[in-house]
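Numbering (the numbering used here), first residue to last: 153 to 743.
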């Protein structure tokens, strides 16, 4: 087994020897790996091309202190024998990594560059192409799922072996051991009339399992009662295994033994260098691995829009696949920040970068553009739900017609990182406070304006994402998706409460008529600063940032506020003076 890394720089002659002209591009005397994936060669060597985020800025394999070249040029078996912790990590990671490629192929079939058709094999084999590692996983899964059969079969074989004993030959050929004057014979001479094909078959099977365990660092415990074939004898078995296995074919095998026989035939066909019938080299590689990472995140976050349409038949998938050619990485519907009775779309962009790399400035501008597209399409399309409400969630709302205020559209970047190489179980989703929040606005003092947009930065544990993508059930994914949605909302609310500079108030009116009269009167001062939510038709929310970039803002608006100290509640009370209307009492808005 050898391990290379996407973007890694290697001597060109070594790469040509291993891969011919595949999997890299040449610059001078060096080749640079430009794929992520798996390759099984004609000479039965296994290669992994791991993502670039495993290489640090010092060219180490994460925090192991091992230069990434070591895993290709040196003897990886000796290295892992000295480092049991790393050996156990590879045992877990490499299987997850391969299964993630297979999962991606199943989800987005036309983006994989491959040889042959890959499927997750079962013991009910079909005449399809499959990769060598598919077969390895099938052999291991068969053993794990049928341990009771193996235990029972071994006991049955031992019992049958001693049913017919030649006592005359046994007594003649050995001296008994006497215990309490009772003779005990250790080696009974049985009347075996023919070679036990079952035992030969099981010896081959256990020997293959043992080989896979050590050769490909598989995490499996093998309890073998048979004398295993190892070393040079096993190399000979790989060369002649197809011939030998067919010699022990038995029409009286049970269904389980037939399955073992078929698996071994497939294995020896795949590993036989001289077998001209099969293409022994197989691979699954991806040139644009950011697409895989994007799909991993998308499986955990995004809703499906394939079955939702507007009243005139336009699919809501247009929200993700914009008419200008831009495709959003992640899009999901969830509660707005100010009202659980209405919802908006959260827009995310996953970032697959090398270890400790930062997000480019161009990505920020693109994300603001994506958000503006979604808002525009919602204005153009989703507001048609008045015609056929059942086709669209009627709670999706971006613009309040009375106040002309726009709901805040949460945006975020999410980047995969690895902090703890052994942590596959903690999601690690966290807002990167150090990177702050990106802001875009035409009028900086107007929060409820369609051009006022915000982007938060997030990090997530790449190893957890890999594990969830590969192993989580549908119910686990839905549970995780709901948790992440709630977290995104919570973080945005925290930003607006504590770091945005905006103060939030609410006006409560006795009826809608008074509210409308107030909005009409004060519209010039409050446009972009107020919004009415769906849950209350007599409430206005006001967002005011009294200081923009250190300067006092909206002096005329500030003069309309009267602040008094209430000695009973020990809180400040805010009043708003409106021309031609009574003083309106307002209070702090609580998210």
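Glycine included, every Cβ here is placed at the ideal spot set by N, Cα and C. Only a predicted model underlies this, so the values are computations on that prediction, with no experimental measurement involved.
Contact check, residue i vs residue j, beta carbons under 8 Å
i	j	result
residue 743	residue 649	yes
residue 570	residue 615	yes
residue 636	residue 453	yes
residue 158	residue 203	yes
residue 659	residue 692	yes
residue 481	residue 455	no
residue 640	residue 562	yes
residue 214	residue 222	no
residue 352	residue 365	no
residue 200	residue 211	no
residue 494	residue 549	yes
residue 252	residue 621	yes
residue 496	residue 559	yes
residue 423	residue 390	yes
residue 589	residue 522	no
residue 418	residue 356	no
residue 394	residue 435	no
residue 182	residue 163	yes
residue 399	residue 629	no
residue 298	residue 408	yes
residue 677	residue 710	no
Coil, strand or helix - residue i by DSSP
i	result
residue 651	coil
residue 413	helix
residue 618	helix
residue 238	helix
residue 659	strand
residue 200	strand
residue 407	helix
residue 430	Low confidence applies here, because residue 430 scores a pLDDT of 45, under 50, leaving its location unreliable; read the following figure in that light. The answer is coil: DSSP assigns residue 430 none of H, G, I, E or B.
residue 452	helix
residue 518	helix
residue 719	coil
residue 584	coil
residue 572	coil
residue 481	coil
residue 360	helix
residue 635	helix
residue 178	strand
residue 555	coil
residue 724	strand
residue 355	helix
Residue i versus residue j: straight-line alpha-carbon distance, rounded
i	j	result
residue 736	residue 727	6 Å
residue 196	residue 603	58 Å
residue 556	residue 631	36 Å
residue 224	residue 368	15 Å
residue 191	residue 437	8 Å
residue 227	residue 184	21 Å
residue 350	residue 412	10 Å
residue 669	residue 730	10 Å
residue 239	residue 370	9 Å
residue 488	residue 207	39 Å
residue 354	residue 378	8 Å
residue 732	residue 527	36 Å
residue 376	residue 209	45 Å
residue 681	residue 445	39 Å
residue 723	residue 472	47 Å
residue 187	residue 506	14 Å
residue 217	residue 165	26 Å
residue 243	residue 284	17 Å
Per-residue burial, residue i [other beta carbons within 10 Å of its own, 16 or more giving buried]
i	result
residue 719	exposed
residue 638	exposed
residue 448	buried
residue 327	exposed
residue 553	exposed
residue 725	exposed
residue 696	buried
residue 574	exposed
residue 279	Confidence in residue 279 is poor, its pLDDT being 39 and thus under 50, which makes the residue's placement too unreliable to answer from.
residue 194	exposed
residue 237	exposed
residue 613	buried
residue 257	buried
The ligand GDP heavy atom lying under 7 Å from the CB of residue i
i	result
residue 709	Absent from the structure shown: the ligand GDP. Ligands present: none.
Quiz item: Is the number of C-beta pairs between the segment 439-454 and the segment 285-299 that are closer than 8 Å three or more?
Solution: Contact between the segment 439-454 and the segment 285-299 is absent, because fewer than three Cβ pairs lie under 8 Å.
Self-check item: Meets three-Cβ-pair contact criterion under 8 Å: the segment 597-611 and the segment 660-667
Solution: With the cut-off at 8 Å, the segment 597-611 and the segment 660-667 do not touch.
Self-check item: Touch test, the segment 671-690 against the segment 605-613, Cβ-Cβ under 8 Å, three pairs minimum
Solution: In this structure the segment 671-690 does not lie against the segment 605-613, because fewer than three pairs of beta carbons, one per stretch, are closer than 8 Å.
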